[in-house]
Every structure is written in C-alpha cells, then in structure tokens.
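Student: This is the structure I have questions about; it appears just below.
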Amino acid sequence: MTGLGLLATGADAAFAVDLAFSPDCRTFSQINVTPPNTGITFRKNPNSTTTRAATATVFRIGDASNIIIPAGGASCFYAVAGNDSYCFLARSSSDIINVNAVAGTNTAAAPACQ
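Residue numbers (my numbering): -4 to 109.
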C-alpha cells in the first residue's frame, strides 16, 4: 500500500481534501468527481501500523451511505461520479487524525472501499 500516497501528486494535490474527525458530521467537505476521474481514494492519516489496523467510516451525505476504509490497509477506492459532501464520521482508533480524499482514478489498484 505504500504507493498509494503517489495519487495526490502533481495537479491532483490541489484537489486533495483532509476530512477532519466529526462524529456528529458537522464538519464536512464537498468533493466533485468529474471525468476523467472515476472515484475517490480515501486514506487514513497518519499512515502507521496502528491506523492500518483500524477502520474508518466516511459518510456520504447526499445518499446517506457509509463508506468503510477497512482494517488491513491505509487506503481504499470509492467508485463514484458527481458532486457530493463527505464527513469523517467514525474510527476504531483515535490515532486516525483525519481522512485524506482525492478524486481521481484507481491507478494504484487500491482495494474497493466497503
């Protein structure tokens, strides 16, 4: 999973969003996924042994769905198109400070979010 940080380089870095922990979902950010992008890569921060062993939940506000970044890795890819707002809703470890979100394509072959 070490190559996944490369997704937020170059022009994509300007579009990266850090979702702060917000258990009441009052802190959220809008993310727009437009072609040629096919979804969002979500990454638990910081990337450490502890955070990779934990889960994180991002809430997609527009369709009221949970996106789980599973234990066992730092990142996952959520296939989606369009404009919606997201918040970092839950975590199984307080070591996860935020979730980085970058619209793009899954060039690093990140596993699908659950």
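Even for Gly, the Cβ is constructed at its ideal location relative to N, Cα and C.
Just the C-alpha distance for Ala103 and Thr36, rounded to the nearest angstrom, thanks.
Tutor: Cα-Cα distance, rounded: 10 Å.
Student: Under the DSSP definition of a beta bridge, which residues are partnered with Gly99?
Tutor: DSSP, once it has assigned bridges, lists Gly34 as partnering Gly99.
Student: Start and end of the alpha helix (DSSP H) containing Thr46?
Tutor: It spans 44 to 47 - the alpha helix (DSSP H) in which Thr46 sits, taken as one unbroken run.
Student: Just to confirm the assignment, what range does the beta strand (DSSP E) spanning Gly67 have?
Tutor: No beta strand (DSSP E) contains Gly67, which DSSP labels as neither H nor E.
Student: Which whole-angstrom value describes the C-beta separation of Tyr81 and Ser24, a residue pair presumed to lie in contact below a C-beta threshold of 8 Å?
Tutor: At roughly 6 Å, the Cβ-Cβ gap stays under 8 Å, so Tyr81 and Ser24 are in contact.
Student: Please confirm whether Arg21 has its beta-carbon closer than 7 Å to some beta-carbon of chain B.
Tutor: Absence of chain B from the displayed structure is noted, only one protein chain being present.
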